[in-house]
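Numbering (this note's numbering), first residue to last: 3 to 286.
Ideal Cβ placement from N, Cα and C applies to all residues, glycine included.
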């Protein structure tokens with residue numbers, strides 16, 4: 003849907019991603035998706051504080067367990083390029099402290115919802131690795147709601163007003179956004195991802211996570227839509243929207259998940275949150 007001009011113009015002034023993330027995003031989707039170790043070192047290691055944080059994260063219980071890495075250049079061969087970008091982005095989001103008051107999300111709520119959705123993609127892949135879900139789908143899950151931040155900065159409406167529209171009209175929260183603004187947060191999130199240079203398949207996954215039914219869905223699109231549901235089901239990032247949203251029910255079957263498998267994904271995601279928060283220096 004068309005994004006209002008005032009909001010679209012504001013996206014041009016939205017904070018850019020760290021240069022290292024922008025550079026590494028260009029490597030996604032190539033047959034050889036591992037940049038040279040020296041280039042990773044040159045991109046990240048001059049920032050000593052960032053390098054120390056990233057090493058701490060990768061050497062946490064959540065990532066390395068008993069087998070730590072000594073240099074950041076070892077992260078890509080060990081964990082993969084998508085994991086390196088994921089950690090860089092997750093750390094960046096925590097440091098920026100973005101919030102989405104229009105949707106009832108403070109900075110920690112917003113960060114946790116994206117981070118846990120990213121976790122849920124990993125657990126979905128673990129549950130059914132044969133479905134060929136791209137590991138990079140975690141990046142789309144991480145930023146699928148970033149449009150809420152942009153909308154909260156520009157649009158002069160309150161979370162209470164949007165909730166009232168949804169309740170009065172008996173519609174989903176996303177539909178209330180479309181009624182009031184002419185677009186919903188998934189449209190804005192996708193526009194930002196495109197500005198930031200995300201590959202088309204990730205932009206598509208972000209843009210379509212609230213679309214019902216999903217036309218010609220890919221495994222990554224289904225995984226991101228499901229990840230949002232998993233995070234909300236275990237109570238992370240409910241905000242004003244709560245569980246008032248739709249998801250294409252075909253996501254489950256296309257991903258090869260029955261009810262029990264979905265419950266396992268939810269349970270493993272919930273269990274992993276404590277270690278994930280500790281990796282990023284947060285107490286439980």
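Near the ligand SAH: residue i beta-carbon under 6 Å from a heavy atom
{"i": "residue 263", "result": "Among the ligands in the structure shown, none appear at all, so the ligand SAH cannot be discussed."}
Between the CA atoms of residue j and residue i - distance to the nearest angstrom
{"i": "residue 179", "j": "residue 67", "result": "43 Å"}
{"i": "residue 193", "j": "residue 205", "result": "8 Å"}
{"i": "residue 28", "j": "residue 174", "result": "36 Å"}
{"i": "residue 153", "j": "residue 211", "result": "17 Å"}
{"i": "residue 147", "j": "residue 201", "result": "17 Å"}
{"i": "residue 37", "j": "residue 16", "result": "Unreliable placement is indicated for residue 37, whose pLDDT of 49 sits below 50; the coordinate value is still reported in the next sentence. One C-alpha to the other measures close to 27 Å."}
{"i": "residue 5", "j": "residue 270", "result": "37 Å"}
{"i": "residue 108", "j": "residue 124", "result": "25 Å"}
{"i": "residue 167", "j": "residue 160", "result": "11 Å"}
{"i": "residue 134", "j": "residue 21", "result": "29 Å"}
{"i": "residue 65", "j": "residue 260", "result": "28 Å"}
{"i": "residue 86", "j": "residue 268", "result": "24 Å"}
{"i": "residue 282", "j": "residue 177", "result": "34 Å"}
{"i": "residue 128", "j": "residue 88", "result": "17 Å"}
{"i": "residue 217", "j": "residue 69", "result": "43 Å"}
{"i": "residue 14", "j": "residue 262", "result": "44 Å"}
{"i": "residue 93", "j": "residue 264", "result": "28 Å"}
{"i": "residue 164", "j": "residue 60", "result": "40 Å"}
{"i": "residue 43", "j": "residue 51", "result": "14 Å"}
Among the options, the one whose alpha carbon lies nearest that of residue i
{"i": "residue 172", "options": "228, 246, 17, 130", "result": "246"}
{"i": "residue 96", "options": "165, 55, 48, 150", "result": "55"}
{"i": "residue 105", "options": "282, 149, 270", "result": "149"}
{"i": "residue 213", "options": "274, 266, 185", "result": "185"}
{"i": "residue 203", "options": "25, 138, 41", "result": "138"}
{"i": "residue 131", "options": "261, 225, 111, 79", "result": "225"}
{"i": "residue 9", "options": "209, 164, 115, 189", "result": "189"}
{"i": "residue 289", "options": "14, 248, 235", "result": "Past the edges of the chain, shown from 3 to 286, lies residue 289, and the structure says nothing about it."}
{"i": "residue 232", "options": "195, 119, 279", "result": "119"}
{"i": "residue 198", "options": "46, 141, 99", "result": "141"}
{"i": "residue 187", "options": "169, 102, 111", "result": "102"}
{"i": "residue 207", "options": "143, 51, 241", "result": "143"}
{"i": "residue 23", "options": "45, 12, 7", "result": "45"}
{"i": "residue 12", "options": "280, 278, 191, 215", "result": "191"}
Three-state class that DSSP yields for residue i in the structure shown
{"i": "residue 195", "result": "helix"}
{"i": "residue 107", "result": "strand"}
{"i": "residue 64", "result": "coil"}
{"i": "residue 185", "result": "coil"}
{"i": "residue 254", "result": "helix"}
{"i": "residue 166", "result": "helix"}
{"i": "residue 246", "result": "coil"}
{"i": "residue 260", "result": "coil"}
{"i": "residue 210", "result": "coil"}
{"i": "residue 146", "result": "coil"}
{"i": "residue 201", "result": "coil"}
{"i": "residue 128", "result": "helix"}
{"i": "residue 88", "result": "helix"}
{"i": "residue 272", "result": "helix"}
{"i": "residue 17", "result": "coil"}
{"i": "residue 46", "result": "helix"}
{"i": "residue 283", "result": "coil"}
{"i": "residue 159", "result": "coil"}
Bridge partners - residue i, DSSP secondary structure assignment
{"i": "residue 102", "result": "107"}
Query raised in the report: Is it a yes or a no for the segment 219-226 touching the segment 241-258, going by three-plus beta-carbon pairs under 8 Å?
Result: The segment 219-226 and the segment 241-258 touch, with no fewer than 3 CB-CB distances between them shorter than 8 Å.
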